[in-house]
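Sequential numbering of the sequence shown, starting at 0, is according to numbering that gives the first Met the number 0. We put the beta carbon where it would ideally sit given N, CA and C, even for glycine. As the structure is a computational prediction, the values presented were derived from the model and not from experiment. For reference, the structure is listed below as structure tokens.
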Amino acid sequence: MGSSEDPNNKVDFPYESPASQPFLSKPSYPSSSSSAVEEESESNQQFHHITYNSGPRSFKDLPFLILFLLFVLSSFAFGIFAIIHRNNSYPSLSSFTYDPTTTSCVLNPSNSSSSSVSTLSLVDTTSSVSSKLVKGLIWTLVITFVLSVPLCWALLLLLKHYTKQIVYAAIPLFIAIPVFLNVYWFVACTLGASCSNAFPLAYRVLILVFLFLVIGIIVWILVVNWHRVELTVSIIGVASHALSRNMALFGVLPCLSVGLVLYFVPIVVFMVFARFNGKIVVKNLKSGYDCEWKEDSWVPAYYALAVLTMLWSAAAMVEAQVYVISGTIANWYFSKEHQTPKRSIRTPLRNVFGPSSGTICLSGLLVCVVRMVRSAVDSARQEDTPGIVNLVLRCCVNALLTAVDFLNKFTINFAAITGEAYCSSARMTYELLRRNLLSAVFVETISSRILAGIVFVFSASYTIVVRGVSMTLMLALCIRNLL
Numbered sequence: 000m001g002s003s004e005d006p007n008n009k010v011d012f013p014y015e016s017p018a019s020q021p022f023l024s025k026p027s028y029p030s031s032s033s034s035a036v037e038e039e040s041e042s043n044q045q046f047h048h049i050t051y052n053s054g055p056r057s058f059k060d061l062p063f064l065i066l067f068l069l070f071v072l073s074s075f076a077f078g079i080f081a082i083i084h085r086n087n088s089y090p091s092l093s094s095f096t097y098d099p100t101t102t103s104c105v106l107n108p109s110n111s112s113s114s115s116v117s118t119l120s121l122v123d124t125t126s127s128v129s130s131k132l133v134k135g136l137i138w139t140l141v142i143t144f145v146l147s148v149p150l151c152w153a154l155l156l157l158l159k160h161y162t163k164q165i166v167y168a169a170i171p172l173f174i175a176i177p178v179f180l181n182v183y184w185f186v187a188c189t190l191g192a193s194c195s196n197a198f199p200l201a202y203r204v205l206i207l208v209f210l211f212l213v214i215g216i217i218v219w220i221l222v223v224n225w226h227r228v229e230l231t232v233s234i235i236g237v238a239s240h241a242l243s244r245n246m247a248l249f250g251v252l253p254c255l256s257v258g259l260v261l262y263f264v265p266i267v268v269f270m271v272f273a274r275f276n277g278k279i280v281v282k283n284l285k286s287g288y289d290c291e292w293k294e295d296s297w298v299p300a301y302y303a304l305a306v307l308t309m310l311w312s313a314a315a316m317v318e319a320q321v322y323v324i325s326g327t328i329a330n331w332y333f334s335k336e337h338q339t340p341k342r343s344i345r346t347p348l349r350n351v352f353g354p355s356s357g358t359i360c361l362s363g364l365l366v367c368v369v370r371m372v373r374s375a376v377d378s379a380r381q382e383d384t385p386g387i388v389n390l391v392l393r394c395c396v397n398a399l400l401t402a403v404d405f406l407n408k409f410t411i412n413f414a415a416i417t418g419e420a421y422c423s424s425a426r427m428t429y430e431l432l433r434r435n436l437l438s439a440v441f442v443e444t445i446s447s448r449i450l451a452g453i454v455f456v457f458s459a460s461y462t463i464v465v466r467g468v469s470m471t472l473m474l475a476l477c478i479r480n481l482l
């Protein structure tokens with residue numbers, strides 16, 4: 000795979016501690032009664048290097064898999080019940096009127112016929128509009144697919160062969176962009192009458208100096224941790240090389256997303272038909288009586304069940320995709336030199352829907368809970384509830400949720416590599432972060448920002464190209480119609 004100096008070659012495990020202790024080791028304490036040889040042998044028994052488990056794996060976290068299956072089966076069972084026991088009077092609710100003689104709602108034939116005519120006209124209009132929309136959507140998807148393939152390939156080759164140049168070119172932007180924004184804000188506020196009146200010159204200078212101090216701290220952090228920048232270069236290079244050796248991931252991951260959408264279709268249909276379960280009742284108004292639809296008591300509970308099932312399934316699918324990526328890359332990374340691993344993608348797929356499915360369900364449940372709590376916190380923040388206590392609580396909750404998210408990222412990677420249960424993988428993650436927290440955070444921050452910047456540049460270029468191609472096609476169609 001090239002010379003040993005190539006940064007894209009396999010290197011030592013990037014998160015392994017530079018110390019002599021093996022990875023995920025327990026701290027050893029010197030004992031006066033034991034010799035150095037005994038300490039080393041005991042250390043070797045306690046410590047273990049992380050490696051890819053390519054053998055058979057046992058089922059882990061089965062209770063969470065069973066709980067997830069109960070949610071799914073309940074959603075489908077009650078959905079089928081909703082279709083079978085639906086009330087066909089719901090679509091013609093507007094045709095029902097109150098009958099004083101029977102003190103109930105009865106169907107008015109005249110309203111029903113007019114409603115059916117309007118429905119047919121609406122269907123015709125909708126079909127004509129939808130046909131044009133589908134045609135335009137198909138062209139958009141075709142152009143997107145044709146242009147995305149070379150762009151993705153170019154991005155992968157760029158990261159594979161010019162990793163160090165890209166990272167070193169992107170790092171100055173972490174300094175240049177904040178400096179530009181700081182100076183731009185100061186000049187714009189000085190020239191603006193309203194801003195200059197609201198903020199005196201002393202305050203503006205104070206904020207300017209403070210922001211430059213923060214930028215100086217960022218520069219100092221980069222200089223002190225320059226060896227971790229080299230680690231980031233190595234990790235991005237290895238990841239790019241691994242993706243180039245496992246190109247089937249670009250087909251498997253979209254297929255999993257399509258499978259999730261197909262899985263959502265019946266649940267959405269069930270939720271629509273659940274609305275049909277109920278009856279038409281008389282509503283007493285001040286001006287008289289009217290007819291309204293009253294749902295069965297179990298319908299709101301089914302909506303909650305179906306929504307929770309969909310949220311959990313979506314989070315679990317994201318974790319499953321991460322598991323497949325981590326398992327595939329780890330299988331390649333820990334294989335022998337010049338040897339292509341067999342079934343590098345089929346094995347993680349079999350594990351994610353087999354022995355590790357419970358771990359995926361547990362991880363997806365945690366992510367789902369974190370997102371729901373974060374949404375609740377954001378909703379509470381939008382209400383502008385006063386008080387320093389509420390502000391402190393929101394900060395603490397956000398910090399806790401961020402920590403859980405960060406921990407879960409590494410945990411699912413360890414589960415994909417070792418095949419251990421979620422708690423065992425979380426323990427490995429704790430050992431990793433306890434010994435290499437700064438390296439993990441630094442690499443995570445730098446690499447994610449660099450990749451986000453590269454994706455932004457490519458997305459902007461892609462948008463310009465797609466816009467140009469679309470305008471060219473539209474112009475060609477107009478010219479053809481004129482001729």
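- DSSP places Glu419 outside both helix and strand once states are collapsed to three, so it counts as coil.
- 8 Å or more divides the Cβ of Val166 from the Cβ of Val71.
- The alpha-carbon separation between Leu221 and Ala168 amounts to approximately 14 Å.
- The bridge partners DSSP lists for Glu318 come to none.
- Going by DSSP, Asp295 is part of no alpha helix (DSSP H) at all; its letter is neither H nor E.
- Residue state for Gly277 is assigned as strand, using DSSP reduced to three classes.
- Here Ile279 is not near Ser458, since their CB atoms are 8 Å or more apart.
- Using a C-beta cut-off of 8 Å, the region 385-401 makes no contact with the region 341-355, since fewer than three inter-stretch Cβ pairs fall below that distance.
- By the CB criterion at 8 Å, Asn276 and Arg448 fall outside the cutoff.
- About 5 Å separates the CB atoms of Ile411 and Ser362; that is less than 8 Å, so the two are in contact.
- Boundaries of the alpha helix (DSSP H) harbouring Asn350: Arg345 to Val351, taken from the DSSP string.
- With 16 or more neighbouring CB atoms inside 10 Å of its own CB, Gly236 falls in the buried class.
- A Cβ-Cβ separation of about 26 Å leaves Leu248 out of contact with Phe63 under the 8 Å criterion.
- A direct Cα-Cα distance of roughly 26 Å separates Pro90 from Leu261.
- Within the region 154-220, the complete alpha helix (DSSP H) runs of at least 4 residues fall at 162-190 and 192-197.
- Comparing alpha carbon positions, the residue from Val251, Val366 and Pro354 closest to Lys59 is Pro354.
- In the DSSP assignment, Ala238 falls within the alpha helix (DSSP H) that extends over Trp225 to Arg244.
- The beta carbons of Ala415 and Tyr332 sit no closer together than 8 Å.
- Using a 10 angstroms sphere on the CB of Val204, the tally of other CB atoms stays under 16, which defines it as exposed.
- Shown here, Phe58 sits in coil according to DSSP, grouped into three states, outside any helix or strand.
- Distance from the CA atom of Arg244 to the CA atom of Asn181, rounded to whole angstroms, is 43 Å.
- Non-local C-beta neighbours of Cys194 in its own chain, meaning closer than 6 Å and more than five positions away in sequence, comprise Cys188, ordered along the chain.
- Taking the Cα positions, Ser446 is about 11 Å away from Ile453.
- When the Cα atoms are used, Phe144 and Cys151 turn out to be separated by approximately 11 Å.
- Using a Cβ distance threshold of 8 Å, Lys159 and His240 count as a contacting pair.
- About 7 Å separates the beta carbon of Phe173 from that of Ile217, a gap short enough to meet the 8 Å contact definition.
- In the displayed model, Pro253 falls within a helix according to three-state DSSP.
- Here DSSP, grouped into helix, strand and coil, assigns Thr401 to helix.
- Sorting Pro171, Val368 and Val372 by C-alpha distance to the C-alpha of Thr308 places Val368 at the top.
- Note on Ala197: under 16 other CB atoms within 10 angstroms of its CB, so exposed under the neighbour-count rule.
- Distance from the CA of Met270 to the CA of Lys293, rounded to the nearest whole angstrom, comes to 16 Å.
- Cβ-Cβ distances below 6 Å link Ala329 to Tyr51 and Ile416 in the same chain, with the five nearest sequence neighbours on each side left out; the list follows chain order.
- Comparing alpha-carbon positions, the option among Val213, Gly467 and Cys104 lying closest to Lys282 turns out to be Cys104.
- In this chain, the alpha helix (DSSP H) harbouring Thr358 covers Ser356 to Gln381.
- Under the 10 Å beta carbon count, Leu474 is surrounded by fewer than 16 other beta carbons and is classified as exposed.
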